[in-house]
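Chains as they are written, first to last, in this note's numbering: chain R, 285 to 762; chain B, 52 to 367; chain V, 383 to 795. Below is one structure, written out as structure tokens; comments come after it.
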């Protein structure tokens with residue numbers, strides 16, 4: 285029963301961890317905290333009604349020495365309860381929709397990160413509690429759940445989907461709430477959209493530039509001087525932003541686009557005709573921004589027609605099932621595919637990644653070692669940094685956290701992702717690096733990689749991507 | 052010039068092959084749907100879930116359980132066939148169970164109330180199967196891989212040849228079944244449940260058999276919808292295939308098994324043809340996806356009960 | 383004099399919208415209570431949470447879907463023509479609304495005031511409904527359901543390709559805000575899109591929208607209820623009950639089926655435009671098969687053919703996921719406490735680690751068993767099934783049984 289209880293506490297999606305640790309706090313807090321009770325007092329740091337953090341209580345509870353020794357005045361409004369020692373963070377996740385399987389793994393990363401943070405004393409003694417809502421990738425659910433959490437949380441740890449995130453922008457702006465978008469849309473560079481968001485990672489558009497640039501070099505080495513390009517993508521910001529990047533690269537390099545299937549891949553339909561058309565176009569390079577099943581469909585159709593080309597796509601196209609031992613396209617994929625990704629691989633030997641692996645083994649041993657969890661950690665680290673800065677500024681109101689987040693000059697991910705900066709002009713601070721992967725069936729079979737790829741280029745930036753100056757998003761959402 | 056003609060010829064042949072390959076999947080799904088509808092008066096919105104679940108069970112038996120490979124060292128095709136048959140038995144049991152638990156209490160209720168129950172079933176089954184499949188497609192471990200035959204003018208994957216043979220065999224089997232004693236009892240039940248019962252037909256057993264057949268056909272459709280070159284394994288989006296098969300069901304006539312086959316093949320061919328030939332920008336993105344529905348609407352306008360469907364006799 | 387509910391002394395009394403005083407009082411009380419929800423916290427004994435912005439939003443959602451359900455109820459419940467094309471007409475209404483109402487920009491938009499775009503969102507879908515109707519009149523029963531399903535898929539294709547109106551797949555666009563203007567002046571006459579003070583009460587944006595939706599729902603309900611007792615309404619029911627018999631009695635089947643299509647499409651269009659503006663931004667994928675099916679589920683769960691059933695059904699379908707969510711959250715807390723019978727039972731069912739047996743696993747993320755969010759989905763499906771099995775007449779059936787019980791009280795037979 286005892287061990288079961290321990291496990292129960294763990295699975296309670298962090299709320300439990302927070303509750304368990306918070307429980308300790310509460311047990312001691314009444315005796316040691318003499319500060320008045322917190323009331324809402326946004327924007328005024330030292331206004332009456334704000335209170336000192338229960339430092340001693342948390343110190344005793346966590347057994348760690350905090351940076352601040354003397355009591356500090358912290359302004360709070362929503363989602364931060366200094367008395368109970370809890371920070372609430374909203375999570376608008378697609379847990380049962382089309383991206384559910386991937387987002388669930390990502391969420392395992394987020395949970396592990398915060399479980400570790402809370403176990404090590406939280407944000408200056410405050411335990412972080414994550415409030416998940418399952419949007420199922422529907423805009424109306426997203427908006428509804430935002431409203432549900434709007435007055436409950438200090439910030440949103442992630443917000444899945446670009447149109448979905450844009451839909452809540454006016455309300456985010458109205459209240460001054462921070463959200464981390466879980467998309468890599470190049471439009472987040474636009475200051476109009478960016479005011480309340482902490483975007484991170486290389487955008488779809490830049491990623492496509494890097495990959496097209498790289499593959500055109502590979503073609504050159506293979507003796508194809510003027511390679512032709514075929515593009516096939518989903519509609520929407522993801523597919524079209526990526527297609528726009530590929531087109532910019534093609535134009536710069538003078539590649540001929542022999543098949544343009546931007547926005548043509550529809551997940552619920554038969555996509556084999558697109559594969560056939562690509563095969564007929566005889567392209568040397570194929571750029572795809574879709575998902576694993578539709579890529580398999582398009583690739584399978586083109587392969588059945590006998591096309592041999594360099595295929596490439598975003599990380600969202602990749603599935604280890606492509607190179608699993610009984611995959612029909614294992615050998616062909618290994619020959620043809622170049623994958624892009626936003627981070628070093630899970631197996632990277634940086635200290636950050638080592639720490640990540642240890643924590644995953646400790647807190648979520650049942651979760652496969654798959655790169656999605658890295659994104660979970662990255663999101664967590666950004667928010668952790670923002671919350672720490674907000675605490676140190678003495679302003680943990682929603683607006684305070686936003687201001688703190690927008691003042692972060694460098695967020696160091698310890699090597700699990702390129703460091704981010706949130707000050708300066710978009711063109712200076714945007715990420716432009718890509719990791720280039722090749723399929724690795726042997727590694728997958730031997731268990732050295734769970735995702736079935738090996739990195740051939742790290743921190744790769746093609747000159748096209750490096751020099752590209754953003755006037756606006758590559759693909760503009762109206 | 053001649054090369055161009057050659058290319059056009061081969062494009063046509065390729066279109067026909069992919070149309071038939073799509074069409075046989077639609078036909079299998081449509082046949083299962085029609086048999087369930089005909090025998091039990093249930094419009095099964097959970098058919099896509101049955102197909103996905105069946106294919107997932109197959110993947111589970113063939114890969115996770117590695118049955119019968121863990122016990123016997125058989126040639127790949129034989130071994131895989133045994134796995135598939137095992138999976139089909141499991142799927143049939145699943146179909147029987149679902150009918151018994153959720154739909155038996157609804158016998159005699161309004162058609163659409165029953166449809167809403169199947170909708171609830173769909174939500175439950177899809178949620179569970181999505182959870183178990185996880186983030187990556189689950190391989191079917193079929194013995195054909197990406198092998199294909201090049202006939203010179205057209206390339207056909209081995210899976211597609213297998214699919215044609217299996218589908219043809221199943222169509223014949225279903226035809227034979229409907230001439231058997233049980234099959235006749237099923238037709239009697241479809242005609243009038245109470246009268247059939249009065250004649251000594253075990254209507255409950257007929258319902259179970261209909262669901263078993265429906266689940267088996269859905270599973271076979273799901274398996275062939277999840278192999279190369281269409282997919283590399285079963286994934287929740289296998290369920291979409293059934294929405295694409297709806298026009299086939301209606302086109303042939305909701306209560307006609309023959310209609311399901313004809314409807315499935317013609318819808319598959321129409322969709323593939325639209326995919327290959329109607330790609331002028333004027334048609335926009337994804338036009339081939341609505342061609343089946345357009346064909347269906349035109350057919351319904353001419354024949355309101357589909358091509359082979361029984362026209363409702365309207366009496367005062 | 384005591385009222386005797388079944389004694390009608392004239393035809394008009396028999397046909398009255400509210401035949402008894404009890405009904406009038408009950409309805410008036412309900413409406414007043416509904417209208418007071420935004421200031422719930424300042425009224426004693428009124429559940430405070432209803433006045434919270436998220437509940438205001440949920441209730442507005444219920445009202446909007448109620449309007450849509452009234453439309454499908456008219457066509458499917460009253461006139462007996464099962465249509466799975468409702469989502470198409472809702473999408474059409476939304477896009478008509480946005481073209482008329484949104485300010486011009488990259489995409490089409492004429493920036494006209496709400497008193498133009500909202501009615502247009504009903505009129506144009508009605509016209510299209512009348513155009514499609516003649517084809518649909520020939521087709522019956524399930525065939526009609528699937529034929530209209532074709533409309534949804536054709537609609538999806540159209541919305542995907544009409545990028546200058548819809549913003550494109552998975553991209554979408556903003557929809558006009560709820561602001562009443564005379565024409566295109568800067569300052570709206572009534573602004574539902576920002577917080578403000580009404581009658582001395584602080585009314586949030588969400589609450590204002592709720593009041594607007596409530597008002598529109600009342601208008602839509604009165605119209606629908608009234609329609610059922612006109613010549614057309616009776617004709618619809620005659621067609622539903624036996625179409626040939628109706629025709630022999632002189633009901634023009636073609637005309638009335640068309641009319642039912644038109645009116646239902648108008649309701650759908652208005653509901654679609656309201657829904658899109660209520661959410662603020664919508665992607666074309668919203669108007670899909672599942673939305674159509676949701677509406678069929680709403681009226682069947684509520685009780686087909688009844689106005690109150692349509693409204694109760696939409697409340698059920700919209701609020702149930704929230705209630706399930708709150709339930710599982712509460713359950714999680716019970717397990718967390720780890721004491722008492724319930725906790726032990728839940729603990730046995732709910733797995734918390736790979737080596738703990740259970741059906742459900744509460745950690746969002748990978749692992750054996752369902753996550754709590756998947757559990758919510760499963761519970762939703764299960765409740766819908768159980769509901770249909772135990773009460774095939776829907777919520778209206780439950781209401782009838784309660785009423786009949788009290789009618790005969792204390793004689794319960």
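Here a beta-carbon is modelled for each residue, glycine too, at the ideal position from N, C-alpha and C.
Taking CB distances under 8 angstroms as the criterion, tell me whether residue 737 of chain R reaches chain B. The count along the first chain starts at 1 and reaches residue 737 of chain R at position 453. Residue 737 of chain R does not count as touching chain B.
Identity of the residue in R:364, R:381, R:436, R:376 nearest residue 411 of chain R by Cα: Position 127 of the first chain, counting from 1, holds the residue named residue 411 of chain R. The shortest Cα separation from residue 411 of chain R among R:364, R:381, R:436, R:376 belongs to R:364.
Using the Cβ count rule (16 or more neighbours within 10 Å means buried), how would you classify residue 653 of chain V? Taking the first residue of the third chain as position 1, residue 653 of chain V is located at position 271. Buried: at least 16 other Cβ atoms inside 10 Å.
Residues from the stretch 186-203 of chain B in contact with chain A, defined by Cβ distance under 9 angstroms: Within the model displayed, chain A is absent; protein chains R, B and V are what it includes.
Neighbour-count burial assignment, residue 396 of chain V, 16 or more Cβ in a 10 Å radius: Residue 396 of chain V sits at position 14 when you count from the first residue of the third chain. Its Cβ having fewer than 16 others within 10 Å, residue 396 of chain V is exposed.
Of the residues V:421, V:642, V:596, the one placed nearest residue 618 of chain V, counting alpha carbons only: As a working mapping, residue 618 of chain V is identified with position 236 in the third chain. Minimum Cα distance to residue 618 of chain V is reached at V:642.
Residue 199 of chain B, enclosing beta strand (DSSP E) - first and last residue: On the second chain, position 148 is the one that residue 199 of chain B refers to. Note, residue 199 of chain B: beta strand (DSSP E), 199-201.
Just to confirm the assignment, what range does the beta strand (DSSP E) spanning residue 578 of chain V have? In the third chain, the residue the question calls residue 578 of chain V occupies position 196. Start and end: 578-580.
Within its chain, find whatever has a CB closer than 6 angstroms to the CB of residue 390 of chain V; leave out the 5 residues flanking it on each side and keep chain order. Within the third chain, the letter at position 8 stands for residue 390 of chain V. If we look at residue 390 of chain V and ignore the five residues flanking it on each side, its Cβ neighbours are 396.
So, is residue 555 of chain V buried or exposed, given that buried needs 16 or more other C-beta atoms within 10 angstroms? Here residue 555 of chain V refers to the residue found at position 173 when the third chain is read from its first residue. Residue 555 of chain V should be labelled buried.
Three-state secondary structure (DSSP) of residue 664 of chain V: Taking the first residue of the third chain as 1, we reach residue 664 of chain V at position 282. Strand, per DSSP.
According to DSSP, is residue 717 of chain R part of a helix, a strand, or is it coil? Against the first chain, residue 717 of chain R aligns to sequence position 433. Looking at residue 717 of chain R - three-state DSSP - the assignment turns out to be coil, as it is neither helix nor strand.
As assigned by DSSP and simplified to three states, the class of residue 780 of chain V: Position 398 of the third chain holds residue 780 of chain V. In the structure shown, residue 780 of chain V sits in a helix (DSSP, three-state: H, G or I).
If we ignore side chains and look at the alpha-carbon of each, how far apart do residue 524 of chain V and residue 464 of chain V end up? Numbered from its first residue, the third chain carries residue 524 of chain V at position 142. Numbered from its first residue, the third chain carries residue 464 of chain V at position 82. Straight-line Cα distance between these residues: approximately 7 angstroms.
Please state if the CB of residue 170 of chain B and the CB of residue 79 of chain B are separated by a distance shorter than 8 angstroms. Counting from one through the second chain, the residue named residue 79 of chain B turns up at place 28. Counting from one through the second chain, the residue named residue 170 of chain B turns up at place 119. The answer is no: Cβ separation not under 8 angstroms.
Between residue 428 of chain R and chain V, is any beta-carbon pair separated by less than 8 angstroms? Start at 1 with the first residue of the first chain, and residue 428 of chain R comes out as number 144. At least one chain V Cβ lies under 8 angstroms of residue 428 of chain R.
Rounded separation between residue 273 of chain B and residue 105 of chain B - CA only: Start at 1 with the first residue of the second chain, and residue 273 of chain B comes out as number 222. Start at 1 with the first residue of the second chain, and residue 105 of chain B comes out as number 54. About 7 angstroms.
Within its chain, find whatever has a CB closer than 6 angstroms to the CB of residue 327 of chain R; leave out the 5 residues flanking it on each side and keep chain order. In the first chain, counting from the first residue as 1, residue 327 of chain R sits at position 43. Per-residue confidence for residue 327 of chain R stands at a pLDDT of 37, beneath the threshold of 50, marking its modelled position as unreliable; the derived number appears in the next sentence. No residues qualify anywhere along the chain.
Within the chosen definition, does the stretch 471-485 of chain V reach the stretch 699-713 of chain V through at least 3 CB pairs nearer than 8 angstroms? no
Could you give the DSSP three-state label for residue 540 of chain R: helix, strand or coil? Within the first chain, numbered from 1, the residue matching residue 540 of chain R stands at position 256. Residue state, collapsed to three classes: strand.
Give me, in chain order, the residues of the same chain whose beta-carbon lies closer than 8 angstroms to that of residue 834 of chain V; leave out the 5 immediate sequence neighbours on both sides. The requested residue 834 of chain V does not occur in the structure, where chain V is confined to residues 383 to 795.
State yes or no: is the beta carbon of residue 554 of chain R nearer than 8 angstroms to at least one beta carbon in chain B? As a first step, residue 554 of chain R is located in the first chain; it is residue number 270 there, counting from the start. Cβ-Cβ to chain B under 8 angstroms: yes for residue 554 of chain R.
For residue 680 of chain R: DSSP bridge partner residues: Indexing the first chain from 1 puts residue 680 of chain R at position 396. For residue 680 of chain R, which the question treats as bridged, DSSP gives the partners R:360.
Residue range of the unbroken alpha helix (DSSP H) whose run includes residue 607 of chain V: Locating residue 607 of chain V in the third chain gives position 225, where the first residue counts as 1. Run containing residue 607 of chain V: 587-610, per the alpha helix (DSSP H) assignment.
Could you tell me whether the Cβ of residue 576 of chain R comes closer than 8 angstroms to any Cβ of chain B? Along the first chain, one-based indexing puts residue 576 of chain R at 292. Yes, its Cβ sits closer than 8 angstroms to a Cβ of chain B.
Measuring straight from C-alpha to C-alpha, what distance separates residue 75 of chain B and residue 270 of chain B? Sequence index remark: in the second chain, residue 75 of chain B carries index 24 (1-based). Sequence index remark: in the second chain, residue 270 of chain B carries index 219 (1-based). Each residue's alpha carbon lies about 13 angstroms from the other.
Going along chain V, which residues have a C-beta under 8 angstroms from residue 731 of chain R? Position 447 of the first chain, counted from the first residue, corresponds to residue 731 of chain R. Going along chain V, no residue has its Cβ under 8 angstroms from residue 731 of chain R, so there is no contact; the nearest lies around 18 angstroms.
Quick check on this structure: which residue in V:608, V:725, V:790 has the alpha carbon closest to the alpha carbon of residue 460 of chain V? Here the question's residue 460 of chain V lines up with position 78 in the third chain. When each option's Cα is compared against that of residue 460 of chain V, the closest is V:608.
What's the gap between the Cα of residue 527 of chain V and the Cα of residue 466 of chain V? Taking the first residue of the third chain as position 1, residue 527 of chain V is located at position 145. Taking the first residue of the third chain as position 1, residue 466 of chain V is located at position 84. Residue 527 of chain V and residue 466 of chain V: Cα-Cα distance of roughly 5 angstroms.
With a threshold of 8 angstroms between beta carbons, is residue 455 of chain V in contact with chain B? Locating residue 455 of chain V in the third chain gives position 73, where the first residue counts as 1. Chain B contact via Cβ: absent.
Judging by CA-CA distance, which residue of V:508, V:507, V:561, V:599 is the nearest neighbour of residue 417 of chain V? Here residue 417 of chain V corresponds to residue number 35 of the third chain, with the count starting at 1. For residue 417 of chain V, the nearest C-alpha among the options comes from V:599.
Grouping DSSP H, G and I as helix and E and B as strand, with all else coil, what is residue 396 of chain V? For the purposes of this step, residue 396 of chain V is taken as the residue at position 14 of the third chain. Three-state result, residue 396 of chain V: helix.
Partners in chain B for residue 780 of chain V, counting only beta-carbon separations shorter than 9 angstroms: What you label residue 780 of chain V is simply residue 398 of the third chain in a count that begins at 1. By Cβ distance, chain B contributes nothing, its closest Cβ being about 14 angstroms from residue 780 of chain V, past 9 angstroms.
In chain order, which continuous runs of the alpha helix (DSSP H) of length 4 or greater are located wholly inside the stretch 497-579 of chain V? 523-543, 545-548
With a threshold of 8 angstroms between beta carbons, is residue 525 of chain V in contact with chain B? For this step, residue 525 of chain V is matched to residue 143 along the third chain. Taking Cβ atoms only, chain B reaches closer than 8 angstroms to residue 525 of chain V, which makes this a yes.
Would you mind telling me which residues of chain B sit closer than 7 angstroms to residue 581 of chain R, beta carbon to beta carbon, in chain order? Reading the first chain from its first residue, position 297 is the one you call residue 581 of chain R. Correct list: 281, 282.
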